[in-house]
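*Asks:* If you're matching positions, the sequence shown starts at 1086 in the working numbering and goes up one per residue.
Backbone N, C-alpha and C fix where the C-beta goes; we use that ideal spot for every residue, glycine too.
One structure, as structure tokens, below. Some questions next.
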Amino acid sequence: MRIAVVGQIARDLVLVVPEVPGPGARAGVLERREMLGGKGANIARGTRQLGATAALVGVVGDDREGRLLVERLDADGVATSAVVCRAGVRTALMVDLVCDGAYRYLEDVPEPTLVTVDDVRAAASTLAGADAVVVQLQQPAEAALAAVRAATGLVVLDGAPAGREAELLAAADVVRADHHEAELVTGRSITGADAAVRAGRELLARGPSVVALEVPGEANVLTWAEGSVVVPLTEEEVVDTTGGGDAFVAALTVALVRGDDPADAGRLATAAAGRAVGHPGGRTDLTGLALAARQLG
């Protein structure tokens, strides 16, 4: 099983604090973590841990941080031949400030660290040879559309299109969105499972075969032509939700590629998200999750 991911690569700085200081105040840091991050890197790493051969199309700067992130991806087993090291660019930085189960995010994402159409064209063989291509829609719409068109396997969109919406949805097989993203795409308020099913049905009519939407704090709702399923969130204590969506997409993609039906794929993906939210930061270990889910099922 070969999965390619088009998306962000960044250095993550995670700070756990007892309180968020106001202007002119200060707070001590309870825990500090520095790690490989970015949604693209997190998803690719997750699919690798779940047994896929993973490749990443993304951009780092030609600085020390960029080189270290590529080395970390290599060590994690993610193929980096399609990762671009952009000359004269600083690598993206994400600062995740975690307090009482909620996060505040600071992003330094220079425009040159986003994937371009030329980057996608250079990675054409990686995308065309994959059983699934995951496109993280924080990337420019033209580059996302180029990646979708280059794919020959399952096309998974993560997020809300920021342009070329009709074309991207029409070419997608799977769409996953949190409730904010779903509301942007559909214009509906996702206030509960029934609303998520209705929004999912609307999105199915625009092209995808499977739609997975978040009902915040309650469930993930998957909708497809023959049915729908509401998968309650797991009961893990939520420390930081940063990596939950990335883990969900990784597990959903692996499950669908291996032939699971959407309901089972949604259950595995929700279990993966549950594992991700129990610690600070988006770097999660999904190793063994697929086997455990099959044993329980």
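In chain order, what residues of the same chain lie with their CB nearer than 7 Å to the CB of L1135, ignoring the 5 residues before and after it?
*Replies:* Walking along the sequence shown from the start, residue 1135 turns up at place 50. Cβ within range, chain order: A1335, A1336, V1339, L1371, L1374, A1375.
*Asks:* Going by C-alpha to C-alpha distance, which of P1317, T1327, R1368, V1155 sits closest to A1356?
*Replies:* Taking the first residue of the sequence shown as 1, we reach residue 1356 at position 271. Looking at the Cα atoms, P1317 is the closest of the given residues.
*Asks:* Can you tell me whether A1235 is helix, strand or coil according to DSSP?
*Replies:* As a working mapping, residue 1235 is identified with position 150 in the sequence shown. Of the three classes helix, strand and coil, the one that applies to A1235 here is helix, per DSSP.
*Asks:* Do G1162 and I1094 have their C-beta atoms closer together than 8 Å?
*Replies:* Counting from 1 along the sequence shown, the entry for residue 1162 is found at position 77. Counting from 1 along the sequence shown, the entry for residue 1094 is found at position 9. Contact flag unset, no.
*Asks:* Which residue comes first and which comes last in the beta strand (DSSP E) that contains I1094?
*Replies:* In the sequence shown, residue 1094 corresponds to position 9, counting from 1. It is not in any beta strand (DSSP E) - I1094 carries neither H nor E in the DSSP assignment.
*Asks:* Taking Cβ positions, are G1292 and A1257 nearer each other than 8 Å?
*Replies:* On the sequence shown, residue 1292 is found 207 positions in, with the first residue counted as 1. On the sequence shown, residue 1257 is found 172 positions in, with the first residue counted as 1. Result yes, Cβ atoms of G1292 and A1257 sit closer than 8 Å.
*Asks:* Which stretch, first to last residue, makes up the alpha helix (DSSP H) that contains L1353?
*Replies:* If you number the sequence shown from 1, residue 1353 lands on position 268. 1347-1361 is the span of the alpha helix (DSSP H), which, as asked, contains L1353.
*Asks:* Just to confirm before moving on: does the CB-CB distance between V1114 and L1100 stay below 8 Å?
*Replies:* Counting from 1 along the sequence shown, the entry for residue 1114 is found at position 29. Counting from 1 along the sequence shown, the entry for residue 1100 is found at position 15. Taking 8 Å as the Cβ cut-off, V1114 and L1100 qualify as a contacting pair.
*Asks:* Go through the segment 1243-1270 residue by residue and report every complete run of the beta strand (DSSP E) that reaches 3 residues or more, in order.
*Replies:* Runs found: 1259-1262.
*Asks:* If we ignore side chains and look at the alpha-carbon of each, how far apart do Q1224 and A1358 end up?
*Replies:* In the sequence shown, counting from the first residue as 1, residue 1224 sits at position 139. In the sequence shown, counting from the first residue as 1, residue 1358 sits at position 273. Q1224 and A1358: Cα-Cα distance of roughly 22 Å.
*Asks:* So what does DSSP say about Q1380, is it helix, strand or coil?
*Replies:* What you label residue 1380 is simply residue 295 of the sequence shown in a count that begins at 1. Caution is warranted here: a pLDDT of 45 is assigned to Q1380, below 50, making its placement in the model unreliable, and no coordinate value can be reported.
*Asks:* Exposed or buried, what is G1388 when buried is set at 16 or more other beta-carbons lying within 10 Å of its beta-carbon?
*Replies:* Nothing about residue 1388 can be read from this structure; the chain reaches only from 1086 to 1382.
*Asks:* Please list, in chain order, all residues of the same chain as E1287 whose beta carbon is under 7 Å from its beta carbon, the five residues on each side excluded.
*Replies:* Taking the first residue of the sequence shown as position 1, residue 1287 is located at position 202. Excluding positions up to five away in sequence, the list reads T1271.
*Asks:* Excluding five sequence neighbours on each side, which residues of the same chain lie with their C-beta closer than 6 Å to the C-beta of G1122?
*Replies:* Translated into positions along the sequence shown, residue 1122 becomes position 37. The residues are A1095, D1097, M1179, G1367.
*Asks:* Out of T1369, R1171, V1091, state which residue places its alpha-carbon closest to the alpha-carbon of E1227.
*Replies:* The residue you call residue 1227 lines up with position 142 of the sequence shown. Of the listed residues, the one whose Cα sits closest to E1227 is V1091.
*Asks:* Just the C-alpha distance for V1324 and R1111, rounded to the nearest angstrom, thanks.
*Replies:* One-based indexing of the sequence shown puts residue 1324 at position 239. One-based indexing of the sequence shown puts residue 1111 at position 26. For V1324 and R1111, the distance between alpha carbons rounds to 22 Å.
*Asks:* In this structure, how does DSSP classify V1090 when only helix, strand and coil are distinguished?
*Replies:* Your numbering for residue 1090 matches position 5 in the sequence shown. Here V1090 sits in strand by DSSP.
*Asks:* Might you give, ordered along the chain, the residues of its own chain that have their beta carbon closer than 6 Å to the beta carbon of L1381, omitting 5 neighbours on each side?
*Replies:* Taking the first residue of the sequence shown as position 1, residue 1381 is located at position 296. In this predicted model, L1381 has a pLDDT of only 41, less than 50, meaning its place in the structure is not dependable; the value taken from the coordinates is given anyway. Cβ neighbours of L1381 beyond the five flanking positions: none.
*Asks:* If you follow the alpha helix (DSSP H) that T1132 is part of, which residue opens it and which one closes it?
*Replies:* Within the sequence shown, numbered from 1, the residue matching residue 1132 stands at position 47. Element bounds for T1132: 1124-1134.
*Asks:* On a CA-only basis, which of V1174, T1327, A1187, V1205 is nearest E1196? Give me that one, please.
*Replies:* To locate residue 1196, count along the sequence shown from 1; it is residue 111. It is V1174.
*Asks:* Looking at C-alpha atoms only, which residue of G1107, H1364, S1294, I1128 is the closest neighbour of L1222?
*Replies:* Looking up residue 1222 in the sequence shown gives position 137. That would be I1128, whose Cα lies nearest to the Cα of L1222.
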